[in-house]
Amino acid sequence: IGKTTLGETAALLSECRLYIGNDSGPLYLAVSVGTPSVGLYGSLDPALIYPKQAHFIPVWTEVECRGCWPESRMKHPDVCPKIVPDCMSSISVERVIKAGEALLSRQKGAAYAVSN
């Protein structure tokens with residue numbers, strides 16, 4: 002943090018084969034420069050803020066809580082009413098790995114198609 006400019010960060014992210022991160026600025030920067038990216042979302046449905054893209058897979062769970070975002074409005078600003086937010090802790094490592102592997106296989110397939 003604070004070691005690179007926005008442009009330098011974008012340049013670094015554009016060289017990555019895969020980016021995995023939470024709903025944050027670096028994730029959206031990676032997606033915007035075309036880096037295959039897996040986004041981890043908690044209480045917010047990513048479809049509300051980001052269009053579908055071939056190089057981006059959002060991962061989130063449909064938990065009942067959504068205590069901080071009922072009806073798309075923040076009920077408890079910047080505070081989860083739970084000690085451990087179910088919306089994040091219920092995202093399995095396996096789902097994240099599967100999403101990452103899917104993006105990497107798309108890349109490999111695209112590279113193969115171009116070289117033949």
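Each position in the sequence shown, counted from 1, maps to that position plus 1 in my numbering.
Just so you know, even glycine gets a beta-carbon here, dropped at the ideal spot from N, CA and C.
Are residue i and residue j touching if we call contact CB-CB under 7 Å?
i: Gly-35; j: Leu-28; result: no
i: Gly-40; j: Pro-59; result: yes
i: Ser-38; j: Tyr-51; result: no
i: Thr-62; j: Ile-98; result: no
i: Leu-30; j: Ala-11; result: yes
i: Phe-57; j: Val-94; result: no
Return helix, strand or coil for residue i, following the three-state DSSP convention.
i: Leu-41; result: strand
i: Val-97; result: helix
i: Pro-86; result: coil
i: Pro-47; result: helix
i: Ala-114; result: Low local confidence applies: a pLDDT of 42 at Ala-114 is under 50, so the model's placement there is unreliable, and no value is given.
i: Gly-3; result: coil
Alpha carbons only, please: which of the options is nearest the one belonging to residue i?
i: Leu-45; options: Ser-25, Ala-11, Ser-106, Leu-105; result: Ser-25
i: Cys-88; options: Ala-103, Val-64, Ile-2; result: Val-64
i: Ala-55; options: Gly-8, Thr-6, Ala-103, Lys-4; result: Ala-103
i: Leu-105; options: Arg-18, Pro-86, Ile-2, Pro-47; result: Arg-18
Would you mind reading off the limits of the alpha helix (DSSP H) that contains residue i?
i: Pro-27; result: 26 to 33
i: Leu-203; result: Residue 203 is absent from the structure shown; the chain starts at 2 and stops at 117.
In terms of residues, what are the limits of the beta strand (DSSP E) holding residue i?
i: Gly-22; result: 20 to 23
i: Pro-59; result: 57 to 60
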